[in-house]
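Asker:
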Amino acid sequence: DDKDFVKIVEVGPRDGLQNEKTIVPLDTKISLIEKLSTTGLRVIEAGSFVAPKWVPQMADSTSILSHLLRSPPPSPQPVTYPFLVPNLKGLESALPRTTPPPPQAGVSEISIFASASEGFSLKNLNCDIATSFERFQPVVKRALENNIKVRGYVSMVIACPYSGDTPPEKVVEVTKKLLEMGCYEVSLGDTTGVGNPYSIDVLMKALIEGGVPVEKLACHFHDTYGQAIVNCMVGLANGVRVFDSSVAGLGGCPYAKGATGNVATEDLVYFLHSVGMKTGVDLEKVSEVGAWISEAIGRKNNSKVGPALLAK
Ligand code: HMG
Ligand code: MG
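Residue 221 in the UniProt record's numbering sits at position 144 of the sequence shown; the count goes up by one each step and never skips.
Set out below in structure tokens:
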């Protein structure tokens with residue numbers, strides 16, 4: 078693979094919308110995914126099969142999946158649409174269905190999500206880290222048996238509002254467990270955006286020196302304190318070539334107080350292109366999607382680049 082190519086994982090429809098207070102209509106979610114599909118993005122996280130009592134905003138993920146399978150959005154390149162899955166019940170919703178007829182295909186990729194901090198694991202998954210891994214094991218096994226790729230997330234890689242600073246060794250341990258279990262890639266979540274270039278560099282070096290292949294890592298940085306882009310640069314300098322972002326900087330995690338959106342896709346693409354990397358993403362098109370979704374859900378556009386570019 079081209080070492081100047083960066084894969085962007087668009088998480089707006091999932092991480093971006095999961096925290097919205099008022100339920101975003103299904104049609105708006107589907108339009109968002111369809112519009113994003115035309116921009117050159119190759120991975121668009123489309124929803125999550127989690128308990129609706131916990132995250133009501135994602136309760137229509139089954140309808141989103143059915144729609145994507147029935148009418149795959151037109152796109153200039155193949156697009157993967159992963160869904161988050163916390164347990165076997167969630168996997169059931171992602172697997173191919175034979176009833177009711179006609180038979181329907183399932184997802185091609187899921188993501189499981191672990192935490193590097195005990196406090197957040199309890200808040201987000203209602204169990205400690207060890208128990209979460211016991212629950213992931215059969216999920217990953219069954220997914221792989223069904224030719225479904227599995228991505229892993231680690232949350233709170235720098236610090237956690239419930240447990241304090243996260244030791245880098247803990248992130249290394251959880252990352253390795255996810256890879257050993259069968260995840261093809263692990264995305265490092267600075268869930269509350271408290272990382273800085275120094276702490277991110279220390280973490281990256283701990284992972285690489287700890288034997289984690291950098292090709293298997295992704296950076297998932299929230300922009301709560303405006304540090305996400307500079308933190309992505311540190312990831313890039315350490316060899317990471319996969320970055321998660323959300324259009325218009327949508328988002329936040331319902332179980333991480335004060336967490337705001339991910340780094341904006343527009344800002345990330347602008348930055349990457351400006352330093353000579355290739356993403357395959359059309360910056361102007363993705364900026365238009367950012368402007369559209371901000372307007373559609375009545376939210377401030379948290380990208381700097383999108384509005385600047387469109388104002389020209
Ligand atoms: P629990 O309450 O311990 O689960 O929650 P339970 O097994 O006792 O079930 C409770 C109820 O939920 C039951 O329904 C189940 O059927 C139902 P009832 O009998 O009461 O009517 N249920 C489900 N329904 C649909 N789909 C399912 C499912 N599982 C159970 N899969 C559980 C445990 C894991 C389910 C819960 O804690 C949960 O859903 N957590 C998900 C929270 C979440 O989605 N967080 C946001 C995503 S993570 C994130 O944003 C971070 C990330 O972006 C990276 C970063 O930034 O760091 C990825
Ligand atoms: Mg996140």
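Note that CB positions come from ideal geometry on N, CA and C, so glycine has one too. Remember, predicted model here, so these are calculated numbers, not experimental data.
1. Tell me which residue opens and which closes the beta strand (DSSP E) that residue 191 is part of.
2. Measuring alpha carbon to alpha carbon, tell me which of 140, 83, 88, 84 ends up nearest residue 103.
3. Taking C-alpha atoms, which residue in 223, 258, 289 lies nearest to residue 246?
4. Identify, in the order they occur along the chain, each residue of the same chain with its Cβ nearer than 6 Å to the Cβ of residue 271, setting aside the five sequence neighbours on each side.
5. Over the uninterrupted alpha helix (DSSP H) stretch that includes residue 382, give me the two end residues.
6. Following a CB-centred definition, is residue 278 positioned closer than 7 Å to any heavy atom of the ligand MG?
7. Can you tell me whether DSSP reads residue 201 as helix, strand or coil?
8. Determine the contact status of residue 310 and residue 268, defining contact as a CB-CB distance below 8 Å.
9. Taking the alpha helix (DSSP H) that residue 295 falls in, what are its first and last residues?
10. Which residue wins for smallest C-alpha separation from residue 315, given the options 350, 278, 342?
11. Could you check where the alpha helix (DSSP H) with residue 257 kicks off and where it finishes?
12. Quick one: give me the first and last residue of the beta strand (DSSP E) that residue 84 is part of.
13. Touch check for the segment 131–140 and the segment 109–122: three-plus C-beta pairs under 8 Å?
14. Can you give me the Cβ contacts of residue 369 inside the same chain, cut-off strictly under 7 Å, excluding the 5 residues immediately before and after it?
15. As an exercise, report each continuous alpha helix (DSSP H) stretch of at least 4 residues that is fully enclosed by the segment 274–343, in chain order.
16. Expressed to the nearest angstrom, what Euclidean distance is found between the alpha-carbon atoms of residue 373 and residue 218?
17. Any idea what DSSP makes of residue 265, helix, strand or coil?
Answerer: The short version:
1. Taking the sequence shown and counting its residues from 1, one reaches residue 191 at position 114. Going by DSSP, residue 191 is part of the beta strand (DSSP E) stretching over 186–192.
2. Counted from its first residue, the sequence shown places residue 103 at position 26. For the residues 140, 83, 88, 84, the minimum Cα distance to residue 103 belongs to 140.
3. Translated into positions along the sequence shown, residue 246 becomes position 169. Nearest option by C-alpha distance: 289.
4. Position 194 of the sequence shown, counted from the first residue, corresponds to residue 271. Within the same chain, residue 271 has close Cβ partners 235, 236.
5. For the purposes of this step, residue 382 is identified with residue 305 of the sequence shown, where counting begins at 1. That run of the alpha helix (DSSP H) goes 382–388.
6. If you number the sequence shown from 1, residue 278 lands on position 201. For the ligand MG, not one heavy atom lies less than 7 Å from the Cβ of residue 278.
7. Position 124 of the sequence shown, counted from the start, is the residue given in the question as residue 201. If DSSP states are grouped into helix, strand and coil, residue 201 belongs with the helices.
8. Translated into positions along the sequence shown, residue 310 becomes position 233. Translated into positions along the sequence shown, residue 268 becomes position 191. When the beta-carbon positions are compared, residue 310 and residue 268 stay at least 8 Å from each other.
9. On the sequence shown, residue 295 is found 218 positions in, with the first residue counted as 1. Counting along the chain, residue 295 falls outside any alpha helix (DSSP H), though it belongs to the beta strand (DSSP E) covering 294–298.
10. Indexing the sequence shown from 1 puts residue 315 at position 238. Residue 278 is the option with its Cα nearest to residue 315.
11. As a working note, residue 257 is residue 180 in the sequence shown. Taken as a continuous stretch (DSSP letters only), the alpha helix (DSSP H) holding residue 257 covers 245–258.
12. Within the sequence shown, numbered from 1, the residue matching residue 84 stands at position 7. Per DSSP, residue 84 belongs to the beta strand (DSSP E) from 84–87.
13. no
14. Indexing the sequence shown from 1 puts residue 369 at position 292. Within the same chain, residue 369 has close Cβ partners 112.
15. 274–286, 305–314
16. The sequence position of residue 373 within the sequence shown is 296, counting from 1. The sequence position of residue 218 within the sequence shown is 141, counting from 1. Those two C-alpha atoms are separated by around 39 Å.
17. The residue you call residue 265 lines up with position 188 of the sequence shown. In the structure shown, residue 265 sits in a strand (DSSP, three-state: E or B).
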